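Okay, so here's the structure we're looking at.
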Amino acid sequence: MTDDAPVTEQPDTRQLDELLDDLYRGQERITQAMIYRRAVAAELPAELLARIAALPEGEYAVDEAADLLGGTVA
Numbered sequence: 362m363t364d365d366a367p368v369t370e371q372p373d374t375r376q377l378d379e380l381l382d383d384l385y386r387g388q389e390r391i392t393q394a395m396i397y398r399r400a401v402a403a404e405l406p407a408e409l410l411a412r413i414a415a416l417p418e419g420e421y422a423v424d425e426a427a428d429l430l431g432g433t434v435a
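When the sequence shown is numbered by the numbering used here, its final residue is 435 and no position is left out of the sequence of numbers.
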């Protein structure tokens, strides 16, 4: 028996990290709404969109956003 199904325990955060890198280029803080809009436009997976949508409204520094969303950007 071969196991060709992908492991889906942890979502691939590379897309999230790339989004945060792009968003925070030249910016210190970004609103939750802006992060969410850009994530939708970038067609991030539904699980990552749900994480972003669950963030309380407000502004976040890149390290705060990455920590709360499970990314690795710091």
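Each residue gets a CB set at the ideal place from its N, CA and C atoms; glycine is no exception. Fair warning: this is a prediction, and the values are worked out from it, not measured in the lab.
Of the residues assessed, Arg390 falls on the exposed side of the cut-off, its CB having fewer than 16 other CB atoms within 10 angstroms. Along the region 371-414, the beta strand (DSSP E) occurs as fully enclosed runs of 3 or more residues at 390-392, listed in sequence order.
Residue range Val423 to Leu430 is occupied by the alpha helix (DSSP H) that includes Glu425. Glu418 has no beta-bridge partner at all, per DSSP.
With a threshold of 16 other beta carbon atoms within 10 Å, Arg412 meets it and is buried.
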